[in-house]
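Residue numbers (the working numbering): 66 to 375. Glycine is no exception: its CB is placed at the ideal position from the N, C-alpha and C atoms.
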Ligand code: NAD
């Protein structure tokens with residue numbers, strides 16, 4: 066647990082490394098990338114912030130998988146990011162090749178590692194890592210819901226005019242246009258959101274959340290979001306490292322939970338030393354269940370594409 070490798074030293078990877086280092090909960094963060102000098106340069110830059118930010122975490126960069134040996138957690142951010150007009154699914158073919166190669170290389174040196182997958186389309190890439198690694202379902206998860214939920218909380222807090230910390234919510238389902246914000250369970254410190262905001266305004270916030278990634282891509286014009294995604298991935302790693310038993314929405318393997326079988330998708334999970342220690346399954350209202358089922362079907366469409374990759 067005391068060594069975390071982050072594959073891909075791009076925007077998300079480097080941000081995750083900095084977040085993790087500053088949390089001061091892990092001894093060693095390794096950044097690895099195919100580009101010579103990139104992980105070494107970014108790692109050194111992060112390391113040089115240690116005296117200012119007062120953390121003890123060692124941060125190193127490499128192009129050699131031997132240096133990742135013994136990693137308790139591996140965060141995969143390698144791949145290409147979305148460009149304007151590109152859907153997450155357009156990324157599938159390129160990123161599937163990168164993610165399968167990375168998974169094999171990591172396992173050669175850290176056969177017992179726990180994977181947190183970030184590369185998009187994340188539901189499919191997480192499934193691919195599970196398929197290739199053969200790791201138990203508790204040891205492979207994807208980051209999506211923590212980010213989607215944070216976006217939703219940000220928009221609600223701005224609308225209500227309250228602290229983001231008072232907004233309770235959870236976004237489930239696939240990390241795409243069909244993600245499922247559970248409005249019934251959203252509240253401002255226990256006050257149901259539906260009592261505070263009119264339904265049309267709530268729906269606008271849901272739509273903005275669903276398009277949250279595209280909104281940033283459109284503004285940046287090159288590349289996609291990385292500050293909030295980096296914070297989200299590091300938060301998942303911290304929950305595992307500290308055995309926090311934190312309930313976070315993660316892409317996890319479903320074997321009947323929420324009526325969904327043989328698919329990985331965003332659901333509430335308890336994260337601790339054991340990885341995904343539990344999927345919290347509970348009955349949904351019929352309209353919520355219909356959204357979850359539709360979201361699952363849209364994820365399932367792409368499973369065909371990776372089913373023969375080993
Ligand atoms: P980026 O282009 O800045 O970084 C990607 C890095 O991966 C590059 O440095 C590249 O050299 C490296 N890379 C490519 N092939 C590699 C390989 N075989 N081995 C090791 N490294 C390799 O992109 P980014 O903005 O950091 O985004 C990374 C990924 O994360 C993208 O797929 C993006 O869509 C995804 N993402 C997911 C979420 C989410 O919510 N799950 C959020 C944001 C970004």
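For residue j and residue i, the rounded distance between their alpha carbons
i, j, result
"residue 117", "residue 208", "29 Å"
"residue 92", "residue 76", "22 Å"
"residue 281", "residue 290", "6 Å"
"residue 94", "residue 166", "21 Å"
"residue 312", "residue 247", "15 Å"
"residue 111", "residue 349", "44 Å"
"residue 250", "residue 257", "7 Å"
"residue 173", "residue 157", "24 Å"
"residue 186", "residue 121", "34 Å"
"residue 205", "residue 263", "39 Å"
"residue 68", "residue 347", "35 Å"
"residue 298", "residue 252", "24 Å"
"residue 100", "residue 134", "19 Å"
"residue 243", "residue 360", "5 Å"
"residue 107", "residue 374", "32 Å"
"residue 260", "residue 272", "19 Å"
"residue 97", "residue 104", "6 Å"
"residue 198", "residue 109", "31 Å"
"residue 201", "residue 178", "11 Å"
Cβ-heavy atom distance, residue i to the ligand NAD, below 7 Å
i, result
"residue 349", "no"
"residue 314", "no"
"residue 242", "no"
"residue 98", "yes"
"residue 375", "no"
"residue 289", "yes"
"residue 209", "yes"
"residue 378", "Residue 378 cannot be examined here, being either before or after the span of the chain that is shown, 66 to 375."
"residue 125", "no"
"residue 75", "yes"
"residue 324", "no"
"residue 228", "no"
"residue 198", "no"
"residue 157", "no"
"residue 144", "yes"
Burial state of residue i, where buried means 16 or more other Cβ atoms lie within 10 Å
i, result
"residue 160", "buried"
"residue 139", "buried"
"residue 287", "exposed"
"residue 130", "buried"
"residue 353", "buried"
"residue 84", "buried"
"residue 345", "exposed"
"residue 176", "exposed"
"residue 241", "buried"
Per DSSP, cross-strand counterpart(s) of residue i
i, result
"residue 76", "DSSP lists no partner for residue 76."
"residue 320", "326"
"residue 364", "According to DSSP, which records beta bridges pairwise, residue 364 is partnered with nothing at all."
Where in the segment 108-144 do unbroken runs of the alpha helix (DSSP H), each at least 4 residues long, occur, reported from the N-terminal end onward? Within the segment 108-144, the runs of alpha helix (DSSP H) at least 4 residues long that lie entirely inside it are, in chain order, 115-118.
Enumerated in chain order, which unbroken segments of the beta strand (DSSP E) with a length of 3 residues or greater are wholly contained in the segment 205-282? 205-207
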